[in-house]
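**Student:** Before I ask anything, let me first share the structure, which is written out below as structure tokens.
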Amino acid sequence: MSEAVTTPAHAAEHAHPGPMEYIKVAVFLAVVTGIEVGVYYMKGLKGILAPLLILMSALKFAMVGLYFMHLKFDTHLFRRLFILGIILALTVYAVALVTLLNYH
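All residue numbers for the sequence shown refer to my numbering, where the first residue is 1 and numbers rise by one.
Listed below in structure tokens is the structure:
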């Protein structure tokens with residue numbers, strides 16, 4: 001009598017990753033965190049320490065956003081909003097850093 005209608009929303013859905021994919025992402029995040037800790041203690045990298053740590057934290061932010069917040073599987077609008085958010089946060093951080101450095 002009544003047939004199930006498939007909507008375009010169902011057709012456009014992507015299969016979410018299984019538990020093993022999340023474990024891989026978690027291991028990747030742990031490795032990047034370990035690298036961050038190691039970079040902090042390297043004396044030769046003091047001149048580029050802040051940019052390195054910011055780059056690695058942006059990488060971790062992207063991985064968390066893409067996999068654990070499922071942005072990889074949502075529309076591109078959500079991904080763009082998060083990218084805009086990280087750019088805004090980095091800009092505010094850079095302005096605050098420059099202001100504090102020029103304060104002395």
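Beta carbons are placed, not taken as given, at the ideal position from N, Cα and C, and that holds for glycine.
How big is the Cα-Cα spacing for H16 and M69?
**Tutor:** Residue 16 sits at position 16 when you count from the first residue of the sequence shown. Residue 69 sits at position 69 when you count from the first residue of the sequence shown. If I take the Cα positions, the gap works out to 11 Å.
**Student:** Can you find the residues in the same chain that come closer than 6 Å, C-beta to C-beta, to H10, ignoring five residues on each side of it along the sequence?
**Tutor:** Position 10 of the sequence shown, counted from the start, is the residue given in the question as residue 10. Below a pLDDT of 50, predicted positions are generally treated as unreliable, and H10, at 48, falls in that range; the measurement from the model is reported next regardless. Nothing meets the Cβ criterion.
**Student:** Applying the 10 Å Cβ sphere with the 16-neighbour rule, what's the burial state of Y103?
**Tutor:** On the sequence shown, position 103 is the one that residue 103 refers to. Classification for Y103: exposed.
**Student:** DSSP on A11, reduced to helix/strand/coil?
**Tutor:** The residue you call residue 11 lines up with position 11 of the sequence shown. Low local confidence applies: a pLDDT of 44 at A11 is under 50, so the model's placement there is unreliable, with the coordinate-based value given in what follows. If DSSP states are grouped into helix, strand and coil, A11 belongs with the helices.
**Student:** State the CB to CB distance for the pair V31 and Y67, rounded to an integer number of angstroms; the pair is presumed to be in contact (CB under 8 Å).
**Tutor:** For the purposes of this step, residue 31 is identified with residue 31 of the sequence shown, where counting begins at 1. For the purposes of this step, residue 67 is identified with residue 67 of the sequence shown, where counting begins at 1. V31 to Y67, Cβ: 15 Å. No contact.
**Student:** With H, G and I counted as helix, E and B as strand and the rest as coil, what does DSSP make of H70?
**Tutor:** Here residue 70 refers to the residue found at position 70 when the sequence shown is read from its first residue. Residue state, collapsed to three classes: coil.
**Student:** Alpha carbon to alpha carbon, what distance is there between I87 and L29?
**Tutor:** Counted from its first residue, the sequence shown places residue 29 at position 29. Counted from its first residue, the sequence shown places residue 87 at position 87. So the two alpha carbons sit approximately 21 Å from each other.
**Student:** Since L49 and Y40 are thought to touch, with beta carbons under 8 Å apart, how far apart are those beta carbons, to the nearest angstrom?
**Tutor:** Along the sequence shown, read from residue 1 onward, the residue named residue 49 stands at position 49. Along the sequence shown, read from residue 1 onward, the residue named residue 40 stands at position 40. Contact flag correct, Cβ pair sits at about 7 Å.
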